[in-house]
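If you're matching positions, the sequence shown starts at 33 in our numbering and goes up one per residue.
Backbone N, C-alpha and C define an ideal beta-carbon position, used for all residues, glycine too.
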Amino acid sequence: MGINKINLRALELDDLEFLFKIENDSKFQKISSTILPFSKHYLEKYIMESNLDIFLEKQFRFVISIENNNPIGLIDLFDFDPINHRAGIGIVIINTHRKKGYALESVKLIEDISKKDLQIHQLYVSVGVDNKSSLNLFKKLGYLEIGVKKDWNYVNGQYIDELLFQKILSNE
């Protein structure tokens with residue numbers, strides 16, 4: 033599935049090096065609450081199992097790719113709740129491809145997939161108050177701030193708040 037220059041696709045074994053780099057990057061670990069590094073063996077196993085049914089696993093990771101299937105980021109649906117028709121989303125774009133509109137287009141695509149294919153009524157996202165790019169992205173896309181998790185994350189020796197955003201995809 034693609035809009036303009038991007039495509040969302042499932043993880044493939046060819047993505048192992050890319051996934052290894054992202055999952056072990058200290059900048060991304062702070063937003064995923066990961067402390068210990070991931071091995072290539074563990075991530076290879078994860079890739080092999082990542083394409084299981086979202087209705088069983090309650091999550092699905094998409095690779096954001098551009099021309100020649102080149103991966104530039106990841107966007108996840110997690111905490112998928114088919115009974116209440118909601119899910120959380122998370123997104124990461126590598127530094128060399130930021131500020132080019134890829135995150136905006138990726139979230140629009142995941143919203144479309146969520147609504148049309150998964151009958152998701154609402155999406156939510158948690159964003160640290162220090163993550164200005166993500167705050168701007170989700171506000172621009174119409175996500176409403178619905179709560180604050182006080183002192184939620186411990187980053188660089190201090191506690192920071194995390195904001196909770198929600199978007200209703202349909203009124204049906």
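| request: List the endpoints of the continuous alpha helix (DSSP H) containing Val139. | output: Counting from one through the sequence shown, the residue named residue 139 turns up at place 107. Its alpha helix (DSSP H) spans residues Tyr134 to Leu150.
| What is the rounded straight-line gap between the Cα of Asn116 and the Cα of Val157? | Translated into the one-based positions of the sequence shown, residue 116 becomes position 84. Translated into the one-based positions of the sequence shown, residue 157 becomes position 125. Taking the straight line joining both Cα atoms gives about 16 Å.
| request: Take Asp162 as the anchor and find which of Asp193, Glu99, Ile152 and Phe112 has the nearest alpha-carbon. | output: Reading the sequence shown from its first residue, position 130 is the one you call residue 162. Ranked by Cα distance from Asp162, the first of Asp193, Glu99, Ile152 and Phe112 is Asp193.
| message | If you reduce the DSSP assignment to three classes, tell me which class Glu89 lands in. | response | Residue numbering aside, residue 89 sits at position 57 when the sequence shown is read from its first letter. In this structure, Glu89 counts as helix in the three-state DSSP scheme.
| message | Can you give me the C-alpha to C-alpha distance between Leu155 and Tyr191, rounded to a whole angstrom? | response | Along the sequence shown, one-based indexing puts residue 155 at 123. Along the sequence shown, one-based indexing puts residue 191 at 159. Taking the straight line from one Cα to the other gives about 26 Å.
| In whole angstroms, what separates the C-alpha of Ser107 from that of Phe94? | Within the sequence shown, the letter at position 75 stands for residue 107. Within the sequence shown, the letter at position 62 stands for residue 94. According to the sequence shown, residue 107 is Ile rather than Ser. Ile107 and Phe94 have their alpha carbons spaced roughly 5 Å apart.
| Taking 8 Å as the CB-CB cut-off, is Val139 touching chain B? | Checking the listed chains, one finds no chain B in this structure; it contains a single protein chain.
| field | Asp47 and Pro103 closer than 8 Å at C-beta | value | As a working note, residue 47 is residue 15 in the sequence shown. As a working note, residue 103 is residue 71 in the sequence shown. Yes. Within cutoff.
| query | To the nearest angstrom, how far is it from the Cα of Leu84 to the Cα of Gly133? | reply | Along the sequence shown, one-based indexing puts residue 84 at 52. Along the sequence shown, one-based indexing puts residue 133 at 101. Each residue's alpha carbon lies about 29 Å from the other.
| task | With Asn39 as the anchor, note down where its beta strand (DSSP E) starts and where it stops. | result | Mapped onto the sequence shown, residue 39 falls at position 7. Ile38 to Ala42 is the extent of the beta strand (DSSP E) around Asn39.
| query | Which partner residues of Pro103 appear in the DSSP bridge assignment? | reply | As a working mapping, residue 103 is identified with position 71 in the sequence shown. The secondary-structure analysis by DSSP pairs Pro103 across a beta bridge with Ser97.
| query | Relative to the C-alpha of Glu49, which residue among Leu150, Lys171, Glu76 and Ile96 is closest? | reply | Walking along the sequence shown from the start, residue 49 turns up at place 17. With distances taken between Cα atoms, Glu49 lies closest to Glu76.
| request: Taking only the alpha-carbon atoms, compute the straight-line gap between Thr128 and Ser97 and give it to the nearest angstrom. | output: Here residue 128 refers to the residue found at position 96 of the sequence shown. Here residue 97 refers to the residue found at position 65 of the sequence shown. The straight-line gap from Cα to Cα measures roughly 13 Å.
| field | Cutoff 7 Å; reference Val124; Cβ partners in own chain excluding five residues on either side | value | On the sequence shown, residue 124 is found 92 positions in, with the first residue counted as 1. The answer, listed in chain order, is Ile54, Phe60, Gly105 and Leu106.
| request: Would you mind stating whether Lys199 and Gly174 have Cβ atoms separated by less than 8 Å? | output: The sequence position of residue 199 within the sequence shown is 167, counting from 1. The sequence position of residue 174 within the sequence shown is 142, counting from 1. Cβ atoms of Lys199 and Gly174: closer than 8 Å.
| query | Taking the C-alpha atoms as reference points, what is the distance between Gly34 and Leu40? | reply | Indexing the sequence shown from 1 puts residue 34 at position 2. Indexing the sequence shown from 1 puts residue 40 at position 8. With a pLDDT of only 46 at Gly34, under the threshold of 50, the placement of this residue in the model should not be trusted; the figure read from the coordinates follows. So the alpha carbons of these two residues sit roughly 6 Å apart.
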